[in-house]
Amino acid sequence: MLKRKNTLYPTLAETIQKAGELPISEERKQVLQVLINYIQSKLDQGQDVNLNFICTHNSRRSQFSQIWAQTAADFHRIPANCYSGGVEVTAFNERAVNSLKRSGFRVSSKENSSNPIYSVFYSHESDPITAFSKVYDDPANDALHFAAVMTCDHADENCPFIPGTEQRIPVRYEDPKAFDDTELEAQKYDERSLQIAAEMWFVFSQLKK
604 MLKRKNTLYP
614 TLAETIQKAG
624 ELPISEERKQ
634 VLQVLINYIQ
644 SKLDQGQDVN
654 LNFICTHNSR
664 RSQFSQIWAQ
674 TAADFHRIPA
684 NCYSGGVEVT
694 AFNERAVNSL
704 KRSGFRVSSK
714 ENSSNPIYSV
724 FYSHESDPIT
734 AFSKVYDDPA
744 NDALHFAAVM
754 TCDHADENCP
764 FIPGTEQRIP
774 VRYEDPKAFD
784 DTELEAQKYD
794 ERSLQIAAEM
804 WFVFSQLKK
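Under the numbering used here, the first residue of the sequence shown carries the number 604, and numbering increases by one thereafter.
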């Protein structure tokens, strides 16, 4: 039984509709097919699906990926546990948090610190998706066996071994950090979030339960 229901906030539903209209190249679909095959294999074997989205600081791309993947999984009724982590702790970047809010997620902070713990909701009925910066093997990522989905080139190239990984799946994204404190900041964060939304929605729409 899934923990969350698939009723979406109206603004979020509009964002997802927009994401669904984005083209995904055949080259990119081949990258995503590796992730699709891993999830489908786990479903076919009746095993838990645990995805750990990893980038260096666990502050932007891996957070986007975890949240969009969990939302897509729940919407498509795929029993998946989506986590995220990094190789060092920083904070869930406020620019990324604000982008998710603009997308239609409801986001609250549990504590005011240098590394706040956020609760992210996609509907009134949903349990929160907990989001904060952490290393990939933090106790919050409660899975002994998982696919390490590498969302940035630095982490992918500098983490040759991740304990507990059943399969390492590179799904790299450009870092919106390059546009911090520029006029394009919000636009570029929203573009990256929307791209990840489109690709995670594609992944989970291809699966057979």
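Where is the CB? At the ideal position from N, CA and C, for every residue including glycine.
Residue range of the alpha helix (DSSP H) that includes residue i
i: Arg705; result: Glu697 to Ser706
i: Ala672; result: Arg664 to Phe678
i: Val637; result: Glu629 to Asp647
Residue environment, residue i, which counts as buried when at least 16 other CB atoms sit within 10 Å
i: Thr785; result: exposed
i: Ala622; result: buried
i: Glu714; result: exposed
i: Ser644; result: exposed
i: Lys737; result: buried
i: Gln648; result: exposed
i: Thr754; result: buried
i: Ser668; result: buried
i: Gly613; result: It should be noted that the sequence gives Pro, not Gly, for residue 613. It is exposed - the Cβ of Pro613 has fewer than 16 other Cβ atoms within 10 Å.
i: Glu802; result: buried
Proximal residues to residue i (C-beta, below 6 angstroms), its chain only, five neighbours per side dropped
i: Thr768; result: Ala751
i: Ile681; result: Phe807 and Leu810
i: Asp756; result: Arg775
Spatially closest choice to residue i from the options, by CA coordinates
i: Glu788; options: Phe807, Ser644 and Glu697; result: Glu697
i: Cys658; options: Ser722, Met803 and Tyr776; result: Tyr776
i: Gln673; options: Thr614, Arg663, His660 and Ser687; result: Ser687
i: Val692; options: His660, Phe805 and Lys812; result: His660
i: Phe656; options: Gly689, Asp677 and Ile639; result: Gly689
i: Ile639; options: Arg795, Thr610, Ala675 and Asp745; result: Ala675
i: Glu728; options: Phe678, Arg631, Glu802 and Ile720; result: Phe678
Cβ neighbours of residue i in the same chain (closer than 7 angstroms, five flanking residues each side left out)
i: Asp783; result: Arg698
i: His748; result: Asn653, Gly767 and Glu769
i: Lys780; result: Arg663
Three-state class that DSSP yields for residue i in the structure shown
i: Arg709; result: strand
i: Ile799; result: helix
i: Ile681; result: coil
i: Met604; result: Interpretation of Met604 is limited by its pLDDT of 34, a score under 50 that renders its predicted location unreliable; no figure is taken from the coordinates.
i: Gly623; result: helix
i: Ser687; result: strand
i: Val692; result: coil
Boundaries (first-last residue) of the beta strand (DSSP E) holding residue i
i: Asn655; result: Val652 to Ile657
i: Ser722; result: Tyr721 to Phe724
i: Gln770; result: Thr768 to Pro773
i: Val752; result: Phe749 to Met753
i: Pro734; result: The sequence as given places Ala at residue 734; Pro does not occur at that position. Note, Ala734: beta strand (DSSP E), Ile732 to Ala734.
Spatial neighbours of residue i in its chain, beta-carbon cut-off 8 angstroms, leaving aside the 5 residues before and after
i: Thr618; result: Ser706, Gly707, Leu797 and Ala800
i: Asn701; result: Ala789 and Tyr792
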